[in-house]
Amino acid sequence: MELRHVRYLLAVADHGNFTRAAEALHISQPTLSQQIKQLERLLGVQLLDRSGRTVRLTDAGAAYARHARDALRDLEAGERAVHDVQDLSRGHLRVATTPTITAYLIGPLMHEFHRAYPAVTVAVTEATQDRIEEDLLADALDLGIAFSGVHATGIGADALFTENLSLVVGAAHSLAARSGPVPIQELAVQPLALLSRDFATRNHIDDHLAASGVAPRPAIEANTITALVEFTRRGTLATVLPDAIAHAHPDLRPVALDPGLPSRTVELLRRDTAYHSAAARAFTAIIRREAGRFQL
């Protein structure tokens, strides 16, 4: 048995089709089929059900594939460890953040990291917290920046700083001229622009409002902070943003609520059993050093 047998099986399982899997692997379909049959002979069991329009793993194939994915993930981590350069004269780092954090935190961090380690390349992605944890467990990421809470098994977390949220409006909005805190119950009738429900920030907001007996009426839902800022600064909608974002836009106005919105803890996430490269360790040191700047 060779590693290519395992990779070929997983490709067919992922694509559900020999033709598409062969194209992705850059081999011919007959070669792929032959290699899979060879693996089945070696194991003495049928791994794929070829009877339907979509090729599926058999029960035995699914059990084997689960362990095969874990093994490949660890082997690839080992390969990265072998090639890791401790002096950071080269290297690569994979980081993901949630949208609110991207809007104010990742820019300064990348500036500091690149200034310190210009030869290390970085891939930055933006995703929901659930997706970040899934990718960490699949070894598709080195580090994630998200929020405290109940994490998936195998995810380790280090607290960085506390993020404060505020109701935010444009300068022309009627709430901008209000003196004193606005009762939180008014959000039941205020047109709001909020992140879509697949983001942790939206769930955090909805849970807090529900505890106060408020059912918000989002006029617009978006999946980017940039869109929320654009909608809000024009004066007809209100939104909820971290204070760091509101303070960075002079045409936005924070509005005090009674009771106020809860704070939350920003955390650095990683897979507990993952190999941490020199680049990942260097980034971790920078974000811990810089975290105090975002404690508003």
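Heads up: the sequence shown is residues 1 to 296, going by full-length UniProt numbering. Glycine included, C-beta positions come from ideal geometry on N, C-alpha and C.
For residue j and residue i, believed in contact at Cβ under 8 Å, the rounded distance
i	j	result
Leu195	Leu228	7 Å
Leu257	Ile184	5 Å
Leu136	Arg271	5 Å
Glu112	Glu230	The pair is not a contact, with the Cβ atoms about 28 Å apart (cut-off 8 Å).
Ser263	Asn164	5 Å
Tyr104	Ala248	6 Å
Phe162	Thr265	Note on residue identity: the sequence assigns Thr, not Phe, to residue 162. Between Thr265 and Thr162 the Cβ distance is about 6 Å, and since that is below 8 Å, they are a contact.
Val95	Val124	5 Å
Leu268	Leu160	6 Å
Ile225	Ile245	7 Å
Backbone secondary structure at residue i - three-state DSSP
i	result
Phe283	helix
Gly149	coil
Asp139	coil
Arg115	helix
Leu25	helix
Gly91	strand
Leu72	helix
Gly154	coil
Gly107	helix
Gly52	coil
Leu47	coil
Leu296	Here the model assigns Leu296 a pLDDT of 46, short of 50, so the residue's position is not dependable and the matter cannot be decided.
Residues that DSSP places opposite residue i in a beta bridge
i	result
Thr125	Ala96
Pro183	Asp258
Thr239	Val168
Arg264	Glu163
Arg253	Val169
Arg289	Answer is none; Arg289 lacks a bridge partner.
Gly144	Ala96, Leu269
N- and C-terminal bounds of the alpha helix (DSSP H) containing residue i
i	result
Ile36	29-43
Asp14	3-15
Chain C within 8 Å of residue i, Cβ atoms only
i	result
Gln46	Of the chains in the structure shown, none is chain C; there is only one protein chain.
- Report the residue ranges of all beta strand (DSSP E) runs contained in full by the stretch 187-231; include only those spanning at least 3 residues, in chain order. Complete beta strand (DSSP E) runs here, min 3: 191-195, 217-222.
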